[in-house]
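*Asks:* What follows is a single structure, and I will ask about it in a moment.
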Amino acid sequence: MSSTIDAPAGARAETPRAVLAARNGVAAVFALNGLAVATWFARVPAIRESLGLSAGRLGLLLLAMSAGALVAMSTAGLVTLRLGPARTVAASTVLVALGLTGAGLSASLAGSLIGVVLGLFAVGYGSGACDVAMNVEAAAVEKRLGRTIMPRFHAAWSLGSVAGAGLGAGAARLGVPVGWHLPVIAVAVLSGTLLGVRAFLAAPAEPAGSAEPADHRRALLATWREPRTLLIGLFVLVMAFTEGSANDWLAVAFVDGYGVSEAAGAAVFGVFVVGMTLGRTAGTVAIDRWGRVPVLFGTIALAVTGATCAVLAGSGPVAVVGVALWGVGASLGFPVGMSAAADDEDRAPTRVSVVAMIGYTAFLAGPPLLGFLGDHLGILHALGLVPLLLLPTVALVPILRPPAR
530 MSSTIDAPAG
540 ARAETPRAVL
550 AARNGVAAVF
560 ALNGLAVATW
570 FARVPAIRES
580 LGLSAGRLGL
590 LLLAMSAGAL
600 VAMSTAGLVT
610 LRLGPARTVA
620 ASTVLVALGL
630 TGAGLSASLA
640 GSLIGVVLGL
650 FAVGYGSGAC
660 DVAMNVEAAA
670 VEKRLGRTIM
680 PRFHAAWSLG
690 SVAGAGLGAG
700 AARLGVPVGW
710 HLPVIAVAVL
720 SGTLLGVRAF
730 LAAPAEPAGS
740 AEPADHRRAL
750 LATWREPRTL
760 LIGLFVLVMA
770 FTEGSANDWL
780 AVAFVDGYGV
790 SEAAGAAVFG
800 VFVVGMTLGR
810 TAGTVAIDRW
820 GRVPVLFGTI
830 ALAVTGATCA
840 VLAGSGPVAV
850 VGVALWGVGA
860 SLGFPVGMSA
870 AADDEDRAPT
880 RVSVVAMIGY
890 TAFLAGPPLL
900 GFLGDHLGIL
910 HALGLVPLLL
920 LPTVALVPIL
930 RPPAR
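The letter at position 296 of the sequence shown is residue 825 when you use our numbering, and the numbering goes up by one with no holes.
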């Protein structure tokens, strides 16, 4: 039996042990990125109180993080092609750590809205670039393993989110200032990520006469004219809004709409990410058995039911059940969309970049849109927009079917 696994042309063949190490390294990077992002979201109510923000102004503040991510998406594919996933992930995580630290210190010690905005922009830019690079690496590992594993990488992200939400709830209950909490998490995330990327697959060797930067730019522009890629991007956009609206607003919505404490609001956000984690863990088995399309039909139905229940239940415990269903239902859209964009490994960096950029538009438009609706309807009822957008998205699901080989 061969001791190596076939790799794309121009790449060094990897041993099974190296592929498994890369799988573990990628999972660790996903988890740490989730920890960083969820740490911020879990402390949003505390940030709001520190800065004295209305729902509308909070939405504009959250826009800074989304704007940073969207700017990163415009070049992340090209950067990943030039530097490779490992170096791109490492450099982008440095920005995430600096941004978290700056946002925490600005809110807690200085009460500076501008400082928080700059910190959030850095977090968004770093997280956006890291998102593309780690998904490209995850798709390469998935190809070599020969089975569906992408949702489990995103489950690792959700596990990191669970940890971030739990730590955030505990920090809020104990009254730990965000100026202490966020910098400590930033150091832990950066240290772990720098260790994780050391296990990534070897970057492909550059053959003689390899493509110039201008060729990479032309390839990226050509990708923007591919109908399947654009439709996958539209699907990911709605699923990102489904996930991102909960990340941004669930804690605040339950504090305002159901009258729970800040710590309980962070715990409700934890219920959502636990649902995401369970959905992504079980989803790999379901997709291998039934395929992408039937599984996505089922999970979207769960998301519609859960989000509607969370908004309209009128009872806190029943609404929490809806949040759990919402989490399970939202779990597979983003990772399966990334897998679909990376079906052709040679075109994966540019296609993943385009799909991610379209998808991250939801994170750009979502916070101010829901903040505006929240000023008029209340944040809880503003979240009713989620099931309304999900219903027509069912028509896009067949686009994600793997192309015939």
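For every residue, glycine included, the Cβ atom is placed at its ideal position computed from N, Cα and C.
Around the C-beta of E578, are 16 or more other C-beta atoms found within 10 angstroms, so that it is buried, or is it exposed?
*Replies:* If you number the sequence shown from 1, residue 578 lands on position 49. So E578 counts as exposed.
*Asks:* Does the region 909-918 come close enough to the region 822-841 to have 3 or more Cβ pairs within less than 8 Å?
*Replies:* Short answer: they touch.
*Asks:* How should A751 be labelled, buried or exposed, when 16 other C-beta atoms within 10 angstroms of its C-beta is the threshold for buried?
*Replies:* By one-based count along the sequence shown, residue 751 stands at place 222. It counts as exposed.
*Asks:* My output table needs one value for E755: the three-state DSSP class, helix, strand or coil.
*Replies:* The count along the sequence shown starts at 1 and reaches residue 755 at position 226. Coil at E755, not helix or strand.
*Asks:* If distances are taken between C-alpha atoms only, which option among L831, A575, W855 comes closest to A700?
*Replies:* The sequence position of residue 700 within the sequence shown is 171, counting from 1. Among L831, A575, W855, the Cα nearest to that of A700 is on A575.
*Asks:* Can you give the Cα-Cα distance for V600 and A877, rounded to whole angstroms?
*Replies:* Numbered from 1 along the sequence shown, position 71 holds the residue referred to as residue 600. Numbered from 1 along the sequence shown, position 348 holds the residue referred to as residue 877. If I take the Cα positions, the gap works out to 19 Å.
*Asks:* Kindly give me the distance between the Cβ atoms of P932 and D872, rounded to whole angstroms, as I take these residues to be in contact under 8 Å.
*Replies:* Counting from one through the sequence shown, the residue named residue 932 turns up at place 403. Counting from one through the sequence shown, the residue named residue 872 turns up at place 343. Yes, they are in contact, since the Cβ atoms of P932 and D872 sit about 6 Å apart, within 8 Å.
*Asks:* First and last residue of the alpha helix (DSSP H) that includes T617?
*Replies:* Working through the sequence shown from its first residue, we reach residue 617 at position 88. From DSSP, the alpha helix (DSSP H) with T617 extends over 614-634.
*Asks:* For a minimum of 4 consecutive residues, which ranges assigned as the alpha helix (DSSP H) are wholly contained in the region 777-816?
*Replies:* Whole alpha helix (DSSP H) segments, 4+ residues: zero.
*Asks:* On the DSSP bridge assignment, give the partners of E666 in chain order.
*Replies:* Taking the first residue of the sequence shown as 1, we reach residue 666 at position 137. For E666, which the question treats as bridged, DSSP gives no partner whatsoever.
*Asks:* Does DSSP classify A540 as helix, strand or coil?
*Replies:* As a first step, residue 540 is located in the sequence shown; it is residue number 11 there, counting from the start. Only weak support is given to the placement of A540: the predicted model assigns it a pLDDT of 42, under 50, and the question is left unresolved by the model.
*Asks:* Figure out for me which residue from V850, A565, I887, L647 has the closest Cα to the Cα of L590.
*Replies:* Position 61 of the sequence shown, counted from the first residue, corresponds to residue 590. The candidate whose alpha carbon is nearest that of L590 is L647.
*Asks:* With A870 and R880 assumed to form a contact (beta carbons below 8 Å), what rounded beta-carbon distance in angstroms separates them?
*Replies:* Position 341 of the sequence shown, counted from the first residue, corresponds to residue 870. Position 351 of the sequence shown, counted from the first residue, corresponds to residue 880. Contact holds; Cβ gap of about 4 Å.
*Asks:* To the nearest angstrom, how far is it from the Cα of T937 to the Cα of T828?
*Replies:* This structure gives no information on residue 937, because the portion of the chain shown stretches from 530 to 934.
*Asks:* So F764 and G858 are in contact, right, with Cβ under 8 Å, and what is the actual spacing, rounded?
*Replies:* As a position in the sequence shown, residue 764 is number 235, starting the count at 1. As a position in the sequence shown, residue 858 is number 329, starting the count at 1. With 8 Å as the limit, F764 and G858 do not qualify as a contact, their Cβ atoms being about 14 Å apart.
*Asks:* Comparing alpha-carbon positions, which option in A717, G697, V555 lies nearest A685?
*Replies:* The sequence position of residue 685 within the sequence shown is 156, counting from 1. Cα-wise, what sits closest to A685 is V555.
*Asks:* Using the C-alpha atoms, what's the distance from G820 back to G657?
*Replies:* Working through the sequence shown from its first residue, we reach residue 657 at position 128. Working through the sequence shown from its first residue, we reach residue 820 at position 291. Their backbone Cα atoms lie some 28 Å apart in a straight line.
*Asks:* If distances are taken between C-alpha atoms only, which option among N562, V926, G581 comes closest to L759?
*Replies:* Here the question's residue 759 lines up with position 230 in the sequence shown. It is V926 whose Cα lies nearest to the Cα of L759.
*Asks:* Would you grab the beta carbon distance between P474 and R809 for me? Rounded to a whole angstrom, and I think it's under 8 Å.
*Replies:* What the structure shows of the chain is the stretch from 530 to 934, and residue 474 is not part of that stretch, so it cannot be assessed.
*Asks:* Start and end of the alpha helix (DSSP H) containing T677?
*Replies:* The sequence position of residue 677 within the sequence shown is 148, counting from 1. Looking at the DSSP string, T677 is not in any alpha helix (DSSP H), and its letter there is neither H nor E.
*Asks:* Should V781 and V852 be called a contact, given that it needs their Cβ atoms to be closer than 8 Å?
*Replies:* The residue given as residue 781 occupies position 252 in the sequence shown. The residue given as residue 852 occupies position 323 in the sequence shown. Against a cut-off of 8 Å, the Cβ pair of V852 and V781 comes out as no contact.
*Asks:* Please list, in chain order, all residues of the same chain as E671 whose beta carbon is under 6 Å from its beta carbon, the five residues on each side excluded.
*Replies:* For the purposes of this step, residue 671 is identified with residue 142 of the sequence shown, where counting begins at 1. Cβ neighbours of E671 beyond the five flanking positions: I678, M679.
*Asks:* Identify the continuous alpha helix (DSSP H) that holds V850 and give its terminal residues.
*Replies:* Numbered from its first residue, the sequence shown carries residue 850 at position 321. Counting along the chain, the alpha helix (DSSP H) containing V850 begins and ends at 845-859.
*Asks:* According to DSSP, is S739 helix, strand or coil?
*Replies:* Taking the first residue of the sequence shown as 1, we reach residue 739 at position 210. At S739, the pLDDT of 47 sits below 50, so the modelled position is not reliable and the matter cannot be decided from this model.
*Asks:* Do V784 and G856 count as a contact pair if the criterion is CB distance below 8 Å?
*Replies:* Numbered from 1 along the sequence shown, position 327 holds the residue referred to as residue 856. Numbered from 1 along the sequence shown, position 255 holds the residue referred to as residue 784. No, they are not a contact pair.
*Asks:* Keeping to the same chain, check which residues put their C-beta closer than 8 Å to that of V847; ignore five residues upstream and five downstream.
*Replies:* Here residue 847 corresponds to residue number 318 of the sequence shown, with the count starting at 1. Closer than 8 Å at Cβ, skipping near neighbours: C838.
*Asks:* Quick check on this structure: which residue in G697, A731, A620 has the alpha carbon closest to the alpha carbon of A795?
*Replies:* For this step, residue 795 is matched to residue 266 along the sequence shown. Ranking the options by Cα distance to A795, first place goes to G697.
*Asks:* Does G689 pass the burial test, meaning 16 or more other C-beta atoms within 10 Å, or should it be called exposed?
*Replies:* The count along the sequence shown starts at 1 and reaches residue 689 at position 160. So G689 counts as buried.
*Asks:* How many angstroms separate the CA atom of L624 from the CA atom of Y654?
*Replies:* Indexing the sequence shown from 1 puts residue 624 at position 95. Indexing the sequence shown from 1 puts residue 654 at position 125. Going by the C-alpha atoms only, they are around 7 Å apart.
*Asks:* Alpha carbon to alpha carbon, what distance is there between T722 and A619?
*Replies:* Working through the sequence shown from its first residue, we reach residue 619 at position 90. Working through the sequence shown from its first residue, we reach residue 722 at position 193. Spanning the two alpha carbons is a distance of roughly 7 Å.
*Asks:* Indicate the three-state DSSP secondary structure (helix, strand or coil) for D872 in the structure shown.
*Replies:* Within the sequence shown, numbered from 1, the residue matching residue 872 stands at position 343. Reduced to three states, the DSSP call for D872 is coil.
*Asks:* In the structure shown, what three-state DSSP assignment does R930 receive?
*Replies:* Taking the first residue of the sequence shown as position 1, residue 930 is located at position 401. Coil, per DSSP.
*Asks:* Output the distance between the C-alpha atoms of L902 and L642, rounded to the nearest integer angstrom.
*Replies:* Position 373 of the sequence shown, counted from the first residue, corresponds to residue 902. Position 113 of the sequence shown, counted from the first residue, corresponds to residue 642. Their Cα atoms are separated by approximately 22 Å.
*Asks:* Is V488 helix, strand or coil when you go by DSSP?
*Replies:* The structure shown does not extend to residue 488, since the chain is modelled only from 530 through 934, so no value can be given for it.
*Asks:* The alpha helix (DSSP H) with P921 in it runs from where to where?
*Replies:* Here residue 921 refers to the residue found at position 392 of the sequence shown. Unbroken alpha helix (DSSP H) run through P921: 914-922.
*Asks:* With DSSP run on the structure shown, which of helix, strand or coil describes P864?
*Replies:* What you label residue 864 is simply residue 335 of the sequence shown in a count that begins at 1. Helix at P864.
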